[in-house]
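Those protein sequences? They're chains L and A, same order as listed. With the working numbering, the residue at position 102 of the first sequence is 102, and numbering never jumps. Counting the second sequence from 1 gives a position; the working numbering is that position plus 1000. All C-beta atoms, glycine included, are put in the ideal place defined by N, C-alpha and C.
There are 2 protein chains.
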Amino acid sequence: MKKNVATIRDVAAAAGVSTATVSKFVNGAQRFSPAVEATITEVIERLGYRSNPLAASMITGRTKSIGLSVLDVGNPHFTSIVKGANRVALAHGYTLLLVDTEENPERERPLLEALSRRVDGMIVFSRMREAEMDWMTQLGKPLVFFGRLTRLEIPWVISDDHRGAYMLTRHLVSLGHRKIAYLSFPRSRRDEERLGGIRECLAQHQLELTIHEGSAPTAAEGERVCSSIMLGVEHPDALICYNDLMALGFMKSAQGLGFKLPEDISVAGFDNIQYGLYTSPPLTTVDLQSERMGVAAMEKLIATIDGKAQPAATTIEPQLILRGSTLKRN
Amino acid sequence: MKKNVATIRDVAAAAGVSTATVSKFVNGAQRFSPAVEATITEVIERLGYRSNPLAASMITGRTKSIGLSVLDVGNPHFTSIVKGANRVALAHGYTLLLVDTEENPERERPLLEALSRRVDGMIVFSRMREAEMDWMTQLGKPLVFFGRLTRLEIPWVISDDHRGAYMLTRHLVSLGHRKIAYLSFPRSRRDEERLGGIRECLAQHQLELTIHEGSAPTAAEGERVCSSIMLGVEHPDALICYNDLMALGFMKSAQGLGFKLPEDISVAGFDNIQYGLYTSPPLTTVDLQSERMGVAAMEKLIATIDGKAQPAATTIEPQLILRGSTLKRN
DNA sequence: TTGAAAGCGCTAACAA
DNA sequence: TTGTTAGCGCTTTCAA
């Protein structure tokens, strides 16, 4: 596997035309005389010529690739976002530059700064607070952000977490639950929105909320906190988890402790990851439409790159998915 | 967010030195007089100069990015590979260009051909047969392939699927299973290796194998085929699935049909995806070490790029993970 | 230690 | 319709 890659000059020379002509031909920029067209086609084929995209990008300033930064591709929520974004990118001829910051905020800035020079735009999922994000707007590239922004002029895409949480809580209350607890993940900006939705609903019913703090949005963390939630003086009769992964871990651990689900406690999460379908009982959840979020973000970014005006914010409506992990109390 | 990006010339002019000097300084190519060093440092800082990686790549021919092509990021097996590969890439200063071919073979070639011009090397997961892959070696970039190759001179990384299948089957036989079935996925090159391992073991015990063909490596497919496997004249007492996803779907569906697992049928898969832990019963599986495969592939590729000699093949040993979905017969 | 100059492979006016 | 020319921003001999 070695070099000898044909350049546009080789093609031009072999075809007896100028490089400009070849360039225009390759980019389909105009029409040509049949003779020239035939020759160039033949020469390109024979030499196996392919335009060097780097050289082209240098001049046009467009790389036809888009940076996507997520917190953890291993989390199905983010994986779905990547899927959705990738599909749209592909359809528009863009390639995805993936960055997985692995929930490490220090990593984000240098990674994104480097990335920004190689892409036409970026889609960013971050744990940073808005006050620490000003540098992003200095990057000189179109951006789309996952999450609500109040000050920075970056278009964003969000799911309506508050509403989703409200819907879920309301359902739990209507099932007769009175001792509702929330397993939180305060590091996430979405945590407080979910908490807000839960609180709003509980307040309307004069119910209390118990909060247990989680320190990672993972199944392992759900397992870890389970005993402290379930083996206190009085355990909740329903637990809302920050996400499905935590719910999965919690359920497993609770069952290991001898609790019957959903009889002893109803459990629900957020994200509607596929794997919530395969637990026993299957997991009630709020579908945040992860893949659609990815699609929406990528569409918005590409439209911005193409100079089409875009509404700054896109909100995606969640859907409550009822399954066996939540049960009516009597 | 607009242009006004400082170039190396701006820095050189402002610092009163040549662009060559700035270039060498930025790349740490040599030592400088304190005066020059101080000035350049200051000017770079003041102008917010960052080297344009595209321009640099044009000359050096190195992009510091690596293409990774997988069949479906949504499949946890591939997600883990991406995780592993990404971690190594990051540690070596490389960025990942992700390609998700979505199990669509026609897509692979054009995608990889385009990709090859923007990266220093590629790691490829493909459903293509070796006979159709010659064009890959023409790409002029270092490659690493996931899967065994006999003719092409591309380094590869594999898990020992044959051995993994053998181990699993042997365990099932030792548990007393006699009517073993395999839910296959013939489109995958690894399917026959797994099949081979199963067959070898069963032959040693004079046992028959029933094969059910699956058409997608997904949970949905596992659900779909369940009834035809379980509701025939006589159902198997153990089912090995091509992968964990199919096993997850199968188990759910079987339980829906009223079967008790693992009493009525033992089920096992391949990959050791995280979610096999959260089913009831949890899934027995063969851990193919997905993340380690990603790590190995990336390490091998980077070593190749760096001109370090590498053994052509790396085989990763699988590990049998026993959980509740397989049970002793009596 | 520093600089001059020659490109890397391509595109984009502008002319012809 | 085709060609000339002037770079894009950077690295790299080679000479000073």
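Within the same chain, 185, 187, 221 come within 8 Å of residue 215 of chain L by CB-CB distance, once the 5 residues on both sides are set aside. Ranked by Cα distance from residue 1077 of chain A, the first of A:1307, A:1288, A:1303 is A:1288.
The beta carbon of residue 1265 of chain A is closer than 8 Å to those of 1230, 1235, 1236, 1237, 1238, 1239, 1254, 1259 in its chain, skipping five residues each way along the sequence. In the assembly as shown, residue 156 of chain L is a buried residue. Its beta-carbon has 16 or more other beta-carbons within 10 Å. With respect to chain L, the C-beta atom of residue 1279 of chain A has a partner C-beta closer than 8 Å.
Residue contact check for residue 1219 of chain A against chain L: a CB pair falls below 8 Å.
Contact check for residue 53 of chain L against residue 1178 of chain A fails: the beta carbons are separated by 8 Å or more. Among the residues facing chain L, residue 1100 of chain A is included, as its CB has a counterpart in that chain under 8 Å away. For residue 27 of chain L, no chain A residue has a Cβ inside 9 Å of its Cβ, as the nearest lies near 15 Å away. What residue 167 of chain L touches in chain A, judged by beta-carbon distance under 8 Å, is nothing: the nearest beta carbon there is about 24 Å away. Chain-ordered, the chain A residues with CB closer than 7 Å to the CB of residue 79 of chain L read 1073, 1074, 1079. In the DSSP annotation of this structure, residue 242 of chain L is not part of any beta strand (DSSP E), being labelled neither H nor E.
For residue 1053 of chain A, the chain L residues whose Cβ falls inside 9 Å of its Cβ are 114, 117, 118, in order along the chain. Not a single CB atom of chain L sits nearer than 8 Å to the CB of residue 1227 of chain A.
When the beta-carbon positions are compared, residue 1197 of chain A and residue 1163 of chain A come within less than 8 Å of each other. For the pair residue 1043 of chain A and residue 1014 of chain A, the CB atoms are nearer than the 8 Å cut-off.
Within the same chain, Cβ atoms closer than 7 Å to the Cβ of residue 301 of chain L are found at 66, 121, 123, 142, 144, the five residues on either side in sequence being excluded. Contact fails between the stretch 1265-1278 of chain A and the stretch 1298-1315 of chain A, because fewer than three Cβ pairs, one in each stretch, are under 8 Å apart. Within 7 Å of the CB of residue 275 of chain L, the CB atoms of chain A belong to 1275, 1278, in sequence order along the chain.
Excluding its 5 nearest sequence neighbours in each direction, residue 321 of chain L has C-beta neighbours in its own chain below 6 Å: 272, 285, 287, listed in chain order. Contact of residue 95 of chain L with chain A by beta-carbon distance below 9 Å involves 1067, 1097, 1098, 1099, 1111, 1114, 1115, 1118. Going by beta carbons, residue 175 of chain L and residue 323 of chain L fall outside the 8 Å limit. The Cβ-Cβ distance between residue 203 of chain L and residue 245 of chain L does not fall below 8 Å.
In this model, residue 1206 of chain A and residue 1173 of chain A are separated by some 11 Å (Cα to Cα). At a cut-off of 8 Å, the C-beta of residue 57 of chain L has a neighbouring C-beta in chain A.
Per DSSP, the unbroken beta strand (DSSP E) holding residue 1182 of chain A starts and ends at 1180-1184. For residue 1050 of chain A, the residues of chain L that pass the 7 Å Cβ criterion are 117, in the order they occur in the chain. The residue among L:279, L:217, L:28 with its C-alpha nearest the C-alpha of residue 73 of chain L is L:217. The beta carbon of residue 252 of chain L lies closer than 7 Å to those of 223 in the same chain, with the five residues before and after it left out.
Residue 1227 of chain A and residue 1257 of chain A do touch by the CB rule: their CB atoms are close to 7 Å apart, below 8 Å.
Chain L has no Cβ within less than 8 Å of the Cβ of residue 1286 of chain A.
Residue 1206 of chain A carries a coil assignment under DSSP once its states are collapsed to helix, strand and coil. Not one beta carbon of chain L lies nearer than 8 Å to the beta carbon of residue 1330 of chain A.
Within a 10 Å sphere around the beta-carbon of residue 134 of chain L sit fewer than 16 other beta-carbons, which makes this residue exposed. When the alpha-carbon of residue 1006 of chain A is set against those of L:192, L:106, L:139, L:209, the nearest one is in L:139. Here residue 318 of chain L is not near residue 100 of chain L, since their CB atoms are 8 Å or more apart.
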